[in-house]
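Heads up, the thing below is written out as structure tokens.
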Amino acid sequence: MSRSDVLVDADWVEARIDDPKTVIVEVDEDTSAYEKNHIRNAVRIDWKQDLQDPVRRDFVDQAGFEKLLSEKGIGNDDTVVLYGGNNNWFAAYAYWYFKLYGHQDVKLLDGGRKKWELDSRDLVAEVPTRPATTYKAKPQDTTIRAFRDDVVAAIGAQNLVDVRSPDEFSGKLLAPAHLPQEQSQRPGHVPSARNIPWSKSANDDGTFKSDDELKELYEAEGVDLGKDTIAYCRIGERSAHTWFVLHELLGQENVKNYDGSWTEYGSLVGVPIELGAAK
655 MSRSDVLVDA DWVEARIDDP KTVIVEVDED TSAYEKNHIR NAVRIDWKQD LQDPVRRDFV
715 DQAGFEKLLS EKGIGNDDTV VLYGGNNNWF AAYAYWYFKL YGHQDVKLLD GGRKKWELDS
775 RDLVAEVPTR PATTYKAKPQ DTTIRAFRDD VVAAIGAQNL VDVRSPDEFS GKLLAPAHLP
835 QEQSQRPGHV PSARNIPWSK SANDDGTFKS DDELKELYEA EGVDLGKDTI AYCRIGERSA
895 HTWFVLHELL GQENVKNYDG SWTEYGSLVG VPIELGAAK
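Numbering (this note's numbering), first residue to last: 655 to 933.
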């Protein structure tokens, strides 16, 4: 797999913006951003309403994902291009969902909304309509998803990458500074985890750093790219961005995203936790 298989630039998107087999999808942390404006012909996926089970803590199941994509007018053979704000934070999360349920051709718009706006490219308010499809998802690919027992077993044995901010890693904060400090009972990090904030993989314009720069970033922090890796954050969205870097860009084979992340791990009874800054 090459970088061009999973990452496209704005010129590539503009050249295919009217192609009915290319579906542009916006996914943002701020779920109202799409309503203000968006790339022409882009549809919206709301990460809170569309991707989460409404009752229990889990993703929408296979049938729910099929229903969502069918209603959005996305077919199994369509090329899906995801983008969003904040360096594609939640767009990468959605990308991981698409791979979890086996969509073949999905890509990220490099730089996301930030680079598109920096280039002064057009944004519109009109919401497109697409004919409904009959989407068929595959069963979850559990080779890219980690659970709490996997994380405990990985302590000292595999790469554990904590992609949160240094203040979250050390235990000073429970969540990003702009969010309520809640949802986990204890602060800190998983023992033996390396703290490599997800945002370090992006340039100032939101695009991804080169493969050589990314490899150097992780190896300098003690990540052995030949070993199995689990990435985690608070709820799994930032770590999905790191999963994309390691698995899709750098081609590391066995990389999993722990979507339970700190809101689950930090509330478990009896699991090991460490406090303090990265060593």
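Beta carbons are placed, not taken as given, at the ideal position from N, Cα and C, and that holds for glycine.
Would you list the one or two residues that DSSP bridges to phenylalanine 823? Position 169 of the sequence shown holds residue 823. According to DSSP, which records beta bridges pairwise, phenylalanine 823 is partnered with nothing at all.
Consult DSSP for isoleucine 699 and reduce its assignment to one of helix, strand or coil. By 1-based counting over the sequence shown, the position of residue 699 is 45. Correct three-state label for isoleucine 699: coil.
Which residues share a DSSP beta bridge with tyrosine 755? Here the question's residue 755 lines up with position 101 in the sequence shown. Tyrosine 755 pairs with nothing; no bridge assigned.
By Cβ distance below 7 Å, which residues in the same chain neighbour glutamate 720 in space, the five residues on each side in sequence not counted? The residue given as residue 720 occupies position 66 in the sequence shown. Hits under 7 Å: Tyr789, Lys790 and Ala791.
Counting C-beta neighbours from all protein chains within 10 Å, is the total for arginine 892 16 or more, i.e. buried, or is it exposed? For the purposes of this step, residue 892 is taken as the residue at position 238 of the sequence shown. Its Cβ being crowded by 16 or more others within 10 Å, arginine 892 is buried.
So, valine 781 versus cysteine 887, is the Cβ gap smaller than 8 Å? Locating residue 781 in the sequence shown gives position 127, counting from the first residue. Locating residue 887 in the sequence shown gives position 233, counting from the first residue. Contact: no.
With distances taken from CA atoms, which of Asp859, His832 and Leu833 is nearest aspartate 764? Residue 764 sits at position 110 when you count from the first residue of the sequence shown. When only C-alpha atoms are compared, the closest one is Asp859.
Check each candidate in Glu771, Asp684, Glu689 and Ile693 and name the one with the smallest Cα separation from alanine 669. Indexing the sequence shown from 1 puts residue 669 at position 15. It is Ile693 whose Cα lies nearest to the Cα of alanine 669.
So asparagine 691 packs on valine 815, CB below 8 Å; how close in whole Å? Here residue 691 is taken as the residue at index 37 of the sequence shown, counted from 1. Here residue 815 is taken as the residue at index 161 of the sequence shown, counted from 1. Rounded, the Cβ-Cβ distance is 34 Å, inconsistent with contact.
Quick one: measure Cβ to Cβ for glutamine 716 and proline 793, integer angstroms, because I've assumed they're closer than 8 Å. Residue numbering aside, residue 716 sits at position 62 when the sequence shown is read from its first letter. Residue numbering aside, residue 793 sits at position 139 when the sequence shown is read from its first letter. Right, their Cβ atoms sit about 6 Å apart.
Would you report the Cα separation of glycine 718 and glycine 880, rounded to the nearest angstrom? For the purposes of this step, residue 718 is taken as residue 64 along the sequence shown, with counting starting at 1. For the purposes of this step, residue 880 is taken as residue 226 along the sequence shown, with counting starting at 1. C-alpha separation (whole angstroms): 35 Å.
Do three or more CB pairs link the stretch 730-746 to the stretch 659-676 at distances below 8 Å? yes
Please go through the stretch 657-708 and give each complete beta strand (DSSP E) segment of 3 or more residues, from N-terminal end onward. 676-680
Span of the beta strand (DSSP E), counted from its first residue to its last, around tyrosine 912: If you number the sequence shown from 1, residue 912 lands on position 258. Note, tyrosine 912: beta strand (DSSP E), 909-912.
Compare the beta carbon distance of proline 845 and glutamate 928 with 8 Å and say whether it is the shorter of the two. Residue 845 sits at position 191 when you count from the first residue of the sequence shown. Residue 928 sits at position 274 when you count from the first residue of the sequence shown. Yes, these two residues count as a Cβ contact at 8 Å.
Do tryptophan 916 and serine 838 have their CB atoms nearer than 8 Å? Here residue 916 corresponds to residue number 262 of the sequence shown, with the count starting at 1. Here residue 838 corresponds to residue number 184 of the sequence shown, with the count starting at 1. The answer is yes: Cβ separation under 8 Å.
So, for alanine 687: in the same chain, excluding its five sequence neighbours on each side, which residues have a beta-carbon less than 7 Å away from its beta-carbon? Start at 1 with the first residue of the sequence shown, and residue 687 comes out as number 33. Gly739, listed in sequence order.
Apart from the five residues on each side of it in sequence, which residues of its chain come closer than 7 Å, Cβ to Cβ, to valine 806? Within the sequence shown, the letter at position 152 stands for residue 806. These residues qualify, in order along the chain: Val925.
Secondary structure of aspartate 795, DSSP reduced to three states: For the purposes of this step, residue 795 is taken as residue 141 along the sequence shown, with counting starting at 1. Coil, per DSSP.
For tyrosine 919, which three-state DSSP category applies? Taking the first residue of the sequence shown as position 1, residue 919 is located at position 265. Tyrosine 919 falls in the helix class under three-state DSSP.
Roughly how many angstroms separate the alpha carbons of glycine 727 and serine 656, rounded to a whole number? Position 73 of the sequence shown, counted from the start, is the residue given in the question as residue 727. Position 2 of the sequence shown, counted from the start, is the residue given in the question as residue 656. Their Cα atoms are separated by approximately 28 Å.
For alanine 808 and isoleucine 889, believed in contact at Cβ under 8 Å, the rounded distance: Residue mapping note: residue 889 aligns to position 235 of the sequence shown, counting from 1. Residue mapping note: residue 808 aligns to position 154 of the sequence shown, counting from 1. Contact flag wrong, Cβ pair sits at about 19 Å.
Suppose you measure from the CA of leucine 828 to the CA of tyrosine 919; what does that come to, to the nearest Å? What you label residue 828 is simply residue 174 of the sequence shown in a count that begins at 1. What you label residue 919 is simply residue 265 of the sequence shown in a count that begins at 1. C-alpha separation (whole angstroms): 12 Å.
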